[in-house]
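Asks: In the UniProt record's numbering, the protein residues as written are 1 to 205.
A virtual CB, placed ideally from N, CA and C, is assigned to each residue, including glycine.
Please read all numbers here as calculations on a predicted model, not as lab measurements.
Please read through the structure below; I'll follow up with questions.
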C-alpha cells in the first residue's frame, strides 16, 4: 500500500508522547500482521468504503502483529465531535455544524430553517438590524436558539417567521445564521427563497 503523510515511528503524538493504541486496533493488528489499519472519524455514517477525508489516520502492524507506528492523514476533515463543539442547540445548528465540516449537505441548512420562527435584532428604524460578516458580506444576523440570542448580548429583538423575514431583508444582503454560536454560516437569500418555493410546490401537489 502506498504510504502518504507524515509517519511517526514508535506511534508518538504531537508532543512526542506515545499515542494510546485502542484495544480493537491491537486485536486487528494481531489478525492482520504487516498492514495499515485505518481509523475513521466516528461521525461518518455513510455506506461503502469511507472517503479519504474521514480517515483520521492509520496504524501500522508489524510482521509479528504488534502495532509499530501511527500515520496522520493530511486530508482528514475533523467532524464537529472531533473539534469539540458543543451539542447542537437545534436542527438548524446541527445542519450548520455538519455542513461546514463537510459531514452534511448545505441544502440541509435551508431545509431546517423552513417553517421556523427566528429571532432578529431590531434596528432603530424598526425591522431587522443589518450588519457585516467577518468577510465583508452585508447580512442580517438571525438566531435560531435563545441560547445564541442571549449570548449576543442584551439587545432589542423580535421573533419573525423565516418566510416573512426574507421579504424584510434589504437588497444585496444575506442571512447570517447564529453569529454567536460555535459556528455560523452565511446563506444567500436566493437559496432560501428557492427552498421556500420548493416547499410550497410540494404542499400544493
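1) Measuring CA to CA, which of 153, 143, 163, 71 is closest to residue 39?
2) Taking buried to mean at least 16 other C-beta atoms within 10 Å of its own C-beta, is residue 60 buried or exposed?
3) Do the CB positions of residue 76 and residue 55 come within less than 8 Å of each other?
4) From 64, 151, 65, pick the residue whose C-alpha is nearest to that of residue 89; which is it?
5) Assign residue 128 to one of three DSSP states: helix, strand, or coil.
6) Run through DSSP, which three-state label would residue 188 get?
7) Using the C-alpha atoms, what's the distance from residue 65 back to residue 36?
8) Would you identify the three-state DSSP class for residue 1, choosing helix, strand or coil?
9) Grab me the residues of residue 98's own chain with a C-beta within less than 6 Å of its C-beta, minus the 5 sequence neighbours each way, in chain order.
10) Report the CB separation of residue 174 from residue 114 in whole angstroms; it is logged as a contact under 8 Å.
11) Please confirm whether residue 79 and residue 119 have their CB atoms less than 8 Å apart.
12) Excluding the 5 residues preceding and the 5 following residue 93 in the sequence, name in chain order all residues of the same chain whose CB lies nearer than 7 Å to its CB.
13) Quick one: is residue 165 buried, meaning 16 or more other Cβ sit within 10 Å of its Cβ, or exposed?
14) What span of residues does the beta strand (DSSP E) with residue 138 cover, start to end?
15) Please list the terminal residues of the continuous beta strand (DSSP E) segment that includes residue 57.
16) Please name the residue or residues paired with residue 208 in a DSSP beta bridge.
17) Can you check whether the C-beta of residue 108 is within less than 8 Å of a C-beta belonging to chain B?
18) CA-CA distance, residue 25 and residue 41?
19) Suppose you measure from the CA of residue 163 to the CA of residue 172; what does that come to, to the nearest Å?
20) Note down the Cα distance separating residue 201 from residue 184, rounded to an integer number of angstroms.
Replies: The short version:
1) 71
2) Buried is the call here.
3) yes
4) 151
5) DSSP places residue 128 in strand when its eight states are reduced to three.
6) Coil at residue 188, not helix or strand.
7) 11 Å
8) Bear in mind that the predicted position of residue 1 carries a pLDDT of just 25, short of 50, making it too unreliable to give a figure here.
9) 104
10) Taking a contact as a CB-CB distance under 8 Å, the pair residue 174 and residue 114 does not count as one, their CB atoms being some 17 Å apart.
11) no
12) 144, 145, 178, 181
13) Buried, by the Cβ-count rule.
14) 138-143
15) 55-61
16) This structure cannot speak to residue 208, because the chain is shown only from 1 to 205.
17) Note that chain B does not occur in the displayed structure, where there is just one protein chain.
18) 14 Å
19) Each residue's Cα considered, the two are about 17 Å apart.
20) 29 Å
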